[in-house]
Each structure stands twice: as C-alpha cells, then as structure tokens.
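Heads up: the sequence lines are chains A and E, in that order. First residue of the first sequence? That's 1 in this note's numbering, and the numbers climb one at a time after it. First residue of the second sequence? That's 332 in this note's numbering, and the numbers climb one at a time after it. Accompanying notes for the structure given below.
2 protein chains.
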Amino acid sequence: MPERGERPGEFGMIARYLRPLADDPGAFGLTDDAALLRPEPGFDLVLTKDMVAAGVHFFPDDPPESIARKALRVNLSDLAAKGATPIGYLLGLALPADWTEDWMAGFSAGLAEDQRRYGILLLGGDTVKSPDGLMLSVTALGQVPAGSIVRRAGAAIGDVIVVSGTIGDAALGLRLRLGTLDGSAAGEGASHLLDRYLHPQPRLGLAEAVRSFASASLDISDGLIGDLGHITRTSGVSAVVEAARVPLSDAARALISADPTAFASIVTGGDDYEILTTMPEARFAAYQAAADRAGIPVAVIGRIVEGQGPPVVTDAQGNAISLGRSSHDHF
Amino acid sequence: MPERGERPGEFGMIARYLRPLADDPGAFGLTDDAALLRPEPGFDLVLTKDMVAAGVHFFPDDPPESIARKALRVNLSDLAAKGATPIGYLLGLALPADWTEDWMAGFSAGLAEDQRRYGILLLGGDTVKSPDGLMLSVTALGQVPAGSIVRRAGAAIGDVIVVSGTIGDAALGLRLRLGTLDGSAAGEGASHLLDRYLHPQPRLGLAEAVRSFASASLDISDGLIGDLGHITRTSGVSAVVEAARVPLSDAARALISADPTAFASIVTGGDDYEILTTMPEARFAAYQAAADRAGIPVAVIGRIVEGQGPPVVTDAQGNAISLGRSSHDHF
Chain A
1 MPERGERPGE
11 FGMIARYLRP
21 LADDPGAFGL
31 TDDAALLRPE
41 PGFDLVLTKD
51 MVAAGVHFFP
61 DDPPESIARK
71 ALRVNLSDLA
81 AKGATPIGYL
91 LGLALPADWT
101 EDWMAGFSAG
111 LAEDQRRYGI
121 LLLGGDTVKS
131 PDGLMLSVTA
141 LGQVPAGSIV
151 RRAGAAIGDV
161 IVVSGTIGDA
171 ALGLRLRLGT
181 LDGSAAGEGA
191 SHLLDRYLHP
201 QPRLGLAEAV
211 RSFASASLDI
221 SDGLIGDLGH
231 ITRTSGVSAV
241 VEAARVPLSD
251 AARALISADP
261 TAFASIVTGG
271 DDYEILTTMP
281 EARFAAYQAA
291 ADRAGIPVAV
301 IGRIVEGQGP
311 PVVTDAQGNA
321 ISLGRSSHDH
331 F
Chain E
332 MPERGERPGE
342 FGMIARYLRP
352 LADDPGAFGL
362 TDDAALLRPE
372 PGFDLVLTKD
382 MVAAGVHFFP
392 DDPPESIARK
402 ALRVNLSDLA
412 AKGATPIGYL
422 LGLALPADWT
432 EDWMAGFSAG
442 LAEDQRRYGI
452 LLLGGDTVKS
462 PDGLMLSVTA
472 LGQVPAGSIV
482 RRAGAAIGDV
492 IVVSGTIGDA
502 ALGLRLRLGT
512 LDGSAAGEGA
522 SHLLDRYLHP
532 QPRLGLAEAV
542 RSFASASLDI
552 SDGLIGDLGH
562 ITRTSGVSAV
572 VEAARVPLSD
582 AARALISADP
592 TAFASIVTGG
602 DDYEILTTMP
612 EARFAAYQAA
622 ADRAGIPVAV
632 IGRIVEGQGP
642 PVVTDAQGNA
652 ISLGRSSHDH
662 F
C-alpha cells in the first residue's frame, strides 16, 4: 500500500484515478481546460447541479464508493424527474489535505461502477484542495426530445399525485445513524433503511413514462410534503395526501407501529430520491404499466385540489394530520 | 440592517439574492430541479467547471463582490481560451453558517454586474450549508461553431508562442498580500498588482481570433511555464520562451528591478488568466490585428521546438534560466 508520502500530486492523481472514467472523446482525457459536447439535433439539454458536503449530506467516514455514488445519483435523480436521459457529468472534487490513495481508489471505483450502470461518462471538472472537509459538486447533463421537459409547474386541479417506490426509508435510516430513533422494531430491516440513506436509486427507468404522462414532476429530496409543496406553489394549486396511501417498506411500517411519531419523519425527512408526479387520473393506468415494465412500483397517494395553501396530509377519517415542519431546509 | 436572526432560509435566500440573476427562460426562475438549454444548431457546447475555496483561491475577507467575480471569471477565461462564446452558468454555493445578508447582497451584486458585462445569465445551481468555509463551484457553458474548439493539443514545431496582456501581475499581487515580497519599489503600482489578483479579466474579446488563428490555446491559471508545459506535453513538442519578451506591467518591472528573483514568480506563479496560444508565425499579424480591434495587447514570447522536455526559459544570451518548480500545484 503506498505510503502517505508517495501520493501523486494533482495531475498524477487525475491521471491515475479520474482519467480512466473519462472515455468520452469530448472529455479530451481530462487534459484540456474544457469539455466538448455536440448536442443531438432535436433535443433540449437538461442541466442539474447538486453539491454534497461531508458532515451535511453524508458522514465523513462513509465508504468512498458510497460517497461517490450518492454525489452522482442525486443528480441523476433530478434528470429522471425531468424526463431526461443522462449524457454525462462534470465533477468538482474538493479534497481535504489528508486524502489517501486508498480513498481515491474506492471513490473512483464507485464512480466507474455507476457510470456503467447508468451509461454515462465523466466529461470534465476540477479538483482543488479543500481547507476543511470533503466537498463534491456534480453537474449532470441529460437530454429530452425538444419541448418535452417536465417541470414542477403544471399540476392541475383534479390530477392524482403519484410516487415511485417507498417513502421515508432514507429519513429513517438517517435517524438510525444519528441514534434519534430506536430501530429494534425493524429487526434486520434496519439495514435496508441504512442502505436507502447511503445509496439513492435514481429512477431513470421512469424518465420516458414521466415525459409521456406527467403534468408535473420532481424528485423527492427535501421530503415528500415539502417537495409536493414545490409543485403546488409553482402550479398555483394545493394538494391532499392520504397518509394511509403513502407506500412504505416493511421496515418503515414496523418502525411506525412501534413509534407512530416516526410518520412525520417519513413524509418530511427527505433523501428519498423517488419520483413525485401529478397527472390526470385517466393517464395513471398507462403510467403504471410503463413503470411496471421498468420494474418500478408507483402508487397514487392523493389529489391536487384548488387552493393556495401547503399540502395537507389526512388520516383515515379525512382529518388533517399535524406534521410540524414540513420540509428539510439545507441551511 | 437585518439582524442575524431575521435571515431568510434557503428558499428565501435564493428568491431574494439569486433569482433576480436568473432571467433566462431555461432557468425557470430557479424554481425547478434543473435548467433547460436549447442548443443552437451548428454549434458545439463547451463546458468548464472551476471550484474556488476560501483560504485556497481567495482570502475569506475579500469583498463578496470580488469573490463572486473571481469564481465566475476564471471559468469565462477557460471559455475564451477555447474560442467559445459564453452562454450561461450554474452556481454551486456552499455557505458557511455565519453568512450575512450584507454578504449575500454584495455577492449577488458582483454576479449581476459581471452578467451584464459578459452577456450571460445564471441558469441554475445549488446552495448548501458548508460545514466550514465558503466554497464556490461554477459550471460555465459556452459555444463554438461546430468543430472549431481550440485545444491544448495542436502546437506544431516552429509555431510562435503568444500571450495576451501582461504576465505575473496576479502572482506578485498574491505575494504582496501574503507579505512574502516587498512592494515598495512598485509605489502606487502595487494596487494594480493586488487588483490583478482579485479581479481576473477573462479575455473573451480574443475568443474569435483564437478560433481563427491559434493552433493550440489555454488560459494561464497555473503559471506561464506550467501551462505552456500542458500545451507542449499534449502536443508532443517542447518550447523555448525568451525571458526578455515576456510582457510585464510597469509595476512588475519595478519589482523585478528591485528583486530579480521575483521573475520566477512571474512565470510560474499563476492566476494570470491571460490567453496563451501557439500559431504559425505567418498568422500572427492577423491575430494581432484582431486583438488590437478588441483592445487587448498580444505579444510573441517564444517558439515551439522539437523535443519532449518541459519548456525552457532563456536569457538574453540564449542560456536556460533555472526557475525552481515550474507550476502551481493545487494540492
């Protein structure tokens, strides 16, 4: 194993760990100032940028493979929600002074595996010394047939509200990591929750169906209710979510049975990276069929209604449930 | 003036300070997950990403207007060097916990002024809490007529080496800031050097001429000799630079007269953000005429030669000058 003193400098590190990720001809082997992208005629480009910082979005001692994947996947999740097919990404990497070759090897391997999984390549980026902790800034590029991006604005009164997968797993996993929730009721399911926090699953398999059927769409990163509020606010409407229809994993269900107050974490906690869409009810069957073909479960959880207020979550009697704060604030 | 306790949260901050910068329809007023860019037919996109961190690339107490400009301009400088016209940018902003509204107002004003100056708009980005100091990640997008990007690779034996502006001012300015150089010989010129460090001038006025005439091009960020080495290495050639032909400001000239060892800082110190190009000698007159029309001085400083070694700087007798380390390493 190389000693600390034998670490390569900036250019050596790029050549060893990042250049192998940059096979795209427009990346110029990461030896130029900029990357080149020849847009495909008839497509719009979709651009998204998410930063993640140690101690804020991940734990400094998380495996480097997992940190790499999380930084990449939260961006791919944005593309999926907009109906876009990913093209590639630029990576900004601010490394603390004590980085090791082992760490970079793991980080690079995590990126390489996800590049294969999602069919994308590293186009370019920048590496700098971080005065403090690790910080990553990914800019991901995708494309949609011209004019077909799906926005947050667009939800119409009467539309059904649809989510993919299960909600709240990552928020519960984070609480288990932080020790603010007792996970014993979940048994071995606790590891599922921890994994959902560490490894978001961007729902790229839904992108085409989102484009075809959704009136509005985003990915849930700030919490179901907070993100639904982004849709309703930009669309000039309000929403009602039926608590009992929010899809839960077995582990999440077990934890709620033991501690009903955990439900608030599920719908406000964030980090789901599931796709939240609205659409006319008549389109849902076709959306669900397309999601089935992609192997991704989707479920109706409520309805868009007239109004200007924030989304309301109702119990089985139709009464509003109080959830405390409704959204994750990154500040 | 608002008290610390009245600061807006993330969404309020974005609405107040960043949304006014995002007039582009594809930015969706920064209310969506992603930005949309409809590429202009017949053009290639040029993508560049530079991160800057407090304590590494700028001083934490630099004016927020200046920090904003530097983060943006170092990216625009890359575009200019590639021959590209800027389109817009995405901003990643990791704010320390003690940010103030005054700071954000200054930061935002600096961006707004440069957006007008360079004809670009904010397209999107991300704001996160920084666990430590301020960090900025800008991804800038530009375009070139398809196939016309100018790369680092492309310098041919016999080409002249050309730089814009004056070299070394920012490196001397940084040394004055750090107190490692006595600036008294420069008199009032010291403020010019300090300003050159704080406010890079991206040479966008040269972009078209670079496209038309240069065989290879980059912007000088790591130091003249180190960056020239990037050109020679990717081009498979070597280079000779005549020290006496490197264009200097009056202030830099005064400092070298007082302390000849400062010359090494000038050619290796970095942060110039001038354009370093190579081209067949026969094209230089036309390049210079185009640069004149843009109001930007350009000068031949040497020649591309056969070989694989790093660039050599020669004195008036043609003897190689020893410069110590030849490039700034960000690590």
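All residues carry an ideal CB built from backbone N, CA and C; glycine is no exception. All values derive from a computational prediction rather than experimental measurement.
- Under a criterion of Cβ atoms nearer than 8 Å, the residues of chain A adjacent to residue 459 (chain E) are, in order, 51, 52, 53, 56, 57 and 330.
- The beta carbon of residue 629 (chain E) sits closer than 6 Å to the beta carbons of 493, 495, 619 and 622 from its chain, once the five residues preceding and following it are set aside; these are given in chain order.
- Under the DSSP assignment, residue 143 (chain A) falls in the beta strand (DSSP E) whose first and last residues are 135-145.
- For residue 389 (chain E), the beta-bridge partners assigned by DSSP are E:385.
- Comparing alpha carbon positions, the residue from A:78, A:9, A:36 and A:278 closest to residue 238 (chain A) is A:278.
- Think of a sphere of 7 Å around the beta carbon of residue 81 (chain A): the chain E residues whose beta carbon falls inside it are 364, in chain order.
- When secondary structure is reduced to three states using DSSP, residue 404 (chain E) falls in the helix class.
- Assignment of beta-bridge partners to residue 303 (chain A) by DSSP yields A:160 and A:240.
- Inclusion of residue 647 (chain E) and residue 586 (chain E) in the CB contact set at 8 Å is not warranted, their separation being larger than that value.
- Burial is judged here by how many other beta carbons sit within 10 angstroms of a residue's own beta carbon; residue 534 (chain E) has at least 16 and is buried.
- Pairing residue 536 (chain E) with residue 627 (chain E) gives a Cβ-Cβ distance under 8 Å.
- By the 16-neighbour rule on beta-carbons within 10 angstroms, residue 178 (chain A) is exposed.
- For residue 507 (chain E) against residue 461 (chain E), the beta-carbon gap comes to about 28 Å, at or over 8 Å, which does not count as contact.
- By the CB criterion at 8 Å, residue 151 (chain A) and residue 216 (chain A) fall inside the cutoff.
- Residue 497 (chain E) places its beta carbon 8 Å or farther from that of residue 588 (chain E).
- Every unbroken stretch of the beta strand (DSSP E) spanning 3 or more residues and falling wholly within the region 569-633 of chain E is given here in chain order: 569-573 and 606-610.
- Sequence-distant Cβ neighbours of residue 108 (chain A) in its own chain, meaning closer than 8 Å and more than five residues away, are 17, 18, 20, 21 and 68.
- With a cut-off of 8 Å on Cβ pairs, the region 384-403 of chain E is not in contact with the region 138-149 of chain A, counting fewer than three such pairs.
- Between the alpha carbons of residue 596 (chain E) and residue 407 (chain E) lies a gap of roughly 24 Å.
- The region 44-62 of chain A makes no contact with the region 381-399 of chain E, as fewer than three CB pairs between them are under 8 Å.
- Contact between residue 314 (chain A) and residue 240 (chain A) holds: CB atoms are separated by about 6 Å, below the 8 Å threshold.
- If you ignore the 5 residues before and after residue 416 (chain E), its C-beta comes within less than 7 Å of the C-beta of 473, 474 and 538, all in its own chain and listed in chain order.
- In the displayed model, residue 437 (chain E) falls within a helix according to three-state DSSP.
- Within the region 424-439 of chain E, those residues whose Cβ lies closer than 7 Å to any Cβ of chain A are, in chain order, 425.
- Chain E places a beta carbon closer than 8 Å to that of residue 48 (chain A), counting this residue as a contact.
- Within the region 170-215 of chain A, complete alpha helix (DSSP H) segments of at least 4 residues are found at 189-198 and 207-213, given in chain order.
- At a C-beta separation below 7 Å, residue 28 (chain A) has these neighbours in chain E: 482.
- Rounded to whole angstroms, the gap between the alpha carbons of residue 434 (chain E) and residue 82 (chain A) is 33 Å.
- Proximity of residue 583 (chain E) to chain A, defined by a Cβ-Cβ separation below 8 Å, is not satisfied.
- Not one beta carbon of chain A lies nearer than 8 Å to the beta carbon of residue 596 (chain E).
- Within chain E, the residues 425 and 466 have their CB atoms less than 7 Å from the CB of residue 135 (chain A), given in chain order.
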